[in-house]
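Engineer: The structure's right below; bear with me while I get my questions together.
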Amino acid sequence: MTRILQTSFWIMVITLVSKFLGFLRETAIAKYFGATSEADAFFVAFSIPGVLLATIVAAIGTTFIPVYERLEGDKRDRYLANMTTIVGLFSLLLFLVSYLFAGPLVRLFAPGFPEETFALAVRLERIFLLTVLFLGYIALFSAYLQVKGKFLFPAAVGIPFNLILVGTLFAVGSRIGIVGFTWIAVVATFSQLLLLVFPLFRVGFPYRPVLDFREEGFRQTLVLFSPVVIGTAASQVAVLVDRMLASGLPAGSVSALNYANKLMQFTYGVLSSSLFVVLFPHFTRIAAREGTEELSRTLRRTLEGLILFLLPVTAGSVVLALPVVQVLFERGVFTREATTVTAPLFALFSLGLFGLSLRDLWMRAFYALQDTRTPMWNSVLAVSLNIVLNLLLVGPLGAQGLALSTSLSFTVAAYLMHRDLQKRIGPLWDENLRTTLLRAFLATGGLTLALLPVPYVFPYDSRFFVRLLLLLAAIALGAALYALLLYVLGDPTVRRVVGRGWRKLLALRGKSPREVWESGKRVFLELLRS
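921 is the number that the working numbering gives to position 526 of the sequence shown; each next residue is one higher, with no gaps.
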């Protein structure tokens, strides 16, 4: 468990760096291209390859690890080689078909685009489709490295991608043009694949040309593959409907939804996704060797941590949405008007943060039990609800209706999977977890009341660094207040961590910077272990 926590710590650090660079990328795009029709065309074109391959990428990441673990000896090598060939052929075929039908694809994703925006989106999409040739391999090689216990390089693939894009914009700005920037994005995607090559051959990559659709590992993959593909495809249908409806809203709506969603995904990526990457192989081993009782206990411990971290983060994101968006994005052609459009969307997306995290936690538990059908059906139900809510709410609420529908569908999906998982492995809640939830709710309520005045007194017209420091101060004070309230309410985890932290702090006097760093890392790992 200690090694898992240490790996999780470093993945969180890498994810934080990657997400921070991702935000620099988004703020740079917002600065130079803003929430305009040109940016709308870029984001629609940028999303199409991801949507086309999202089902395959998700299925590879989900099915490769358990199938590879069940195989032995040369069968593993043959399975990896066969999957490498099949992924390459499928990616090439998908690229050729998508390139030929670029126009209809853009029209499908954005039927409301004016003719000029549509023509630009088609041109950009034909460039972006080159990334289809890389994305499948990035997913496959990442899964292979994870099954070999190498988590850090797959977690870091976003760093070179974002560095290249941010560096380009900071160096030449909008002078490169949206078409030139699209070509840079293709190069940046290829850099993600290059990052995996060195560790791939270091752990051993026994590739030899194999194409066998009857190979044992591939047949096992297909059994697990189809439900994952259907469930993920259903989610992509929801994304498609969002894009279609948003394209018919006022110019800039697609971009505003993109910025707001990326902001919420930053929090999810740092606090939840980075942990799930390491826990999934752990869940798989527990389910196979120790049974459902131990899996249930591990899930309860994970859920307790998510409750303590995500409830206050959700509340803070909702209350501080306006200053957060203003500080991060408002510059260049991203105007005050764009801020007022994007901030409510971020608040509404943030309402689904807890549901999204729980949904993915329960989903990985099902996958560890080699059950891909239950998550599939629950995903289809939740996506159906999302589409219905989209159609009902986009009229009266516009883009805000789309964001709210997404959050509600995350919450419903989490509930459905939680219900079915309890039928499979027994109760997930005990008295300690219920008490933790009550304390977290009370402390979050106090935090919310304390932060409510901040958006009304925030100095929106001050210099950037003044606004940034004040926002960070508000977040830090809010976190301290939340921890204090949990301490007062008697939360044993917080009291234990505070006690250990205080003793460690007293022991740091006279230590070198390296010793201080190592001690701080141990305290963090002890917090996670608690």
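All residues carry an ideal CB built from backbone N, CA and C; glycine is no exception.
Note down the Cα distance separating residue 620 from residue 458, rounded to an integer number of angstroms.
Structural biologist: Near 6 Å, if we compare the C-alpha coordinates of residue 458 and residue 620.
Engineer: Assuming residue 540 contacts residue 549 (C-beta within less than 8 Å), just tell me the rounded distance between them.
Structural biologist: Going by Cβ atoms, the distance from residue 540 to residue 549 rounds to 5 Å, so yes, they are a contact pair.
Engineer: For chain C, check one thing: does any of its Cβ atoms lie closer than 8 Å to the Cβ of residue 734?
Structural biologist: The displayed structure is made up of one protein chain only, and chain C is not part of it.
Engineer: So the alpha helix (DSSP H) residue 542 belongs to, where does it begin and stop?
Structural biologist: Unbroken alpha helix (DSSP H) run through residue 542: 527 to 542.
Engineer: Should residue 857 go down as buried or exposed, given a rule of 16 or more other Cβ atoms within 10 Å for buried?
Structural biologist: Under this definition residue 857 is an exposed residue.
Engineer: Please name the residue in 453, 783, 819 whose C-alpha comes closest to that of residue 636.
Structural biologist: Of the candidates 453, 783, 819, the one whose C-alpha sits nearest the C-alpha of residue 636 is 783.
Engineer: My assumption, with CB atoms under 8 Å, is that residue 477 sits in contact with residue 633. Please give the rounded CB distance.
Structural biologist: Not quite, the Cβ-Cβ distance comes to about 32 Å (not below 8 Å), so this is no contact.
Engineer: Which of helix, strand or coil does DSSP assign to residue 925?
Structural biologist: A caution first: residue 925 carries a pLDDT of 47, below 50, which makes its placement in the model unreliable, though a value can still be read off. Coil, per DSSP.
Engineer: Quick check: residue 838 and residue 754, are their CB atoms within less than 8 Å of each other?
Structural biologist: Against a cut-off of 8 Å, the Cβ pair of residue 754 and residue 838 comes out as no contact.
Engineer: Once you ignore the five residues that flank residue 622 on each side, which residues in its own chain have a CB closer than 8 Å to its CB?
Structural biologist: 767, 768, 770, 771.
Engineer: May I ask you to verify whether the stretch 549 to 566 touches the stretch 506 to 520, counting CB pairs closer than 8 Å and requiring at least 3?
Structural biologist: Taking 8 Å as the limit for Cβ pairs, the verdict is that the stretch 506 to 520 does not touch the stretch 549 to 566.
Engineer: Within this structure, are the beta carbons of residue 422 and residue 724 separated by less than 8 Å?
Structural biologist: Result yes, Cβ atoms of residue 422 and residue 724 sit closer than 8 Å.
Engineer: Do residue 520 and residue 440 count as a contact pair if the criterion is CB distance below 8 Å?
Structural biologist: Going by C-beta atoms, residue 440 is nearer than 8 Å to residue 520.
Engineer: Compare the Cα-Cα distances from residue 402 to each of 527, 544, 462 and report the closest residue.
Structural biologist: Checked all of 527, 544, 462; the closest Cα to residue 402 is 544.
Engineer: Between residue 718 and residue 596, is the Cβ-Cβ spacing less than 8 Å?
Structural biologist: The answer is no: Cβ separation not under 8 Å.
Engineer: What are the start and end residues of the alpha helix (DSSP H) that includes residue 650?
Structural biologist: 648 to 663 is the span of the alpha helix (DSSP H), which, as asked, contains residue 650.
Engineer: Going by beta-carbon coordinates alone, are residue 419 and residue 557 separated by less than 8 Å?
Structural biologist: Yes, the Cβ-Cβ distance between residue 419 and residue 557 is below 8 Å.
Engineer: Check whether the stretch 456 to 474 and the stretch 601 to 620 touch, using three or more Cβ-Cβ pairs below 8 Å as the test.
Structural biologist: Segments in contact, yes.
Engineer: So what's residue 410 in DSSP terms, helix, strand or just coil?
Structural biologist: In the structure shown, residue 410 sits in a helix (DSSP, three-state: H, G or I).
Engineer: In chain order, what residues of the same chain lie with their CB nearer than 8 Å to the CB of residue 643, ignoring the 5 residues before and after it?
Structural biologist: Here the set comprises 506, 507.
Engineer: Work out the CA separation of residue 776 and residue 803 for me, nearest whole Å.
Structural biologist: Cα to Cα, residue 803 sits roughly 12 Å from residue 776.
Engineer: Taking the runs of the beta strand (DSSP E) that are 3 residues or longer, which of them lie wholly in the stretch 553 to 639?
Structural biologist: DSSP runs (the beta strand (DSSP E)) wholly in the stretch 553 to 639: none.
Engineer: Is DSSP giving residue 759 helix, strand or coil here?
Structural biologist: Residue 759 falls in the helix class under three-state DSSP.
Engineer: Could you give the uninterrupted runs of the alpha helix (DSSP H) lying entirely in the stretch 731 to 755, keeping only those of 4 residues or more?
Structural biologist: Taking only runs of at least 4 residues, the alpha helix (DSSP H) segments lying wholly in the stretch 731 to 755 are 731 to 745.
Engineer: In chain order, what residues of the same chain have a beta carbon less than 8 Å from the beta carbon of residue 925, not counting five sequence neighbours either side?
Structural biologist: Here residue 925 scores only 47 on pLDDT, less than 50, and its place in the model is too uncertain to base an answer on.
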